[in-house]
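Throughout the sequence shown, residue numbering follows the working numbering, covering 1470 to 1519 in sequence. The block underneath contains the structure these notes are about, expressed in C-alpha cells.
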Amino acid sequence: MSTLQLHPALVNGIQPTAANFTGGTLQCLCATDKVEVKIDARTLHNHACG
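Rendered as C-alpha cells:
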C-alpha cells in the first residue's frame, strides 16, 4: 500500500517565516468581485489546498 503525499509543507512540517515579515495583501483569482485579505503579522493558516 502506498502512502498519499498531500503537500511537502504537511509532510515535512511547517517552517518558520522571516522574523522581519511586514505583511501584505492576498487576493483571490476570481475574474470579478475579488476578495482581498490584508495580513500585517506572521500568521499560520491551517488549510491545505489542492
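Idealized CB from N, CA, C, for every residue including glycine.
Given residue i, which residues of its chain have a CB within under 7 angstroms of its CB, disregarding the five upstream and five downstream residues?
{"i": "R1511", "result": "T1486, F1490"}
{"i": "A1500", "result": "none"}
Taking 8 angstroms as the limit between beta carbons, can you name the residues of its chain near residue i, skipping five residues before and five after?
{"i": "T1494", "result": "E1505, V1506, K1507, I1508"}
Please report the distance separating the alpha-carbon of residue i from that of residue j.
{"i": "G1482", "j": "H1476", "result": "10 angstroms"}
With a threshold of 6 angstroms on Cβ separation, who are the neighbours of residue i within its own chain once the five nearest residues in sequence on each side are excluded?
{"i": "Q1496", "result": "K1503, E1505"}
{"i": "S1471", "result": "none"}
- Message: Report the start-end ranges of each beta strand (DSSP E) in the segment 1477 to 1515 that is 3 residues or longer and not cut off at the edges.
- Response: Qualifying beta strand (DSSP E) stretches, in chain order: 1493 to 1496, 1505 to 1508.
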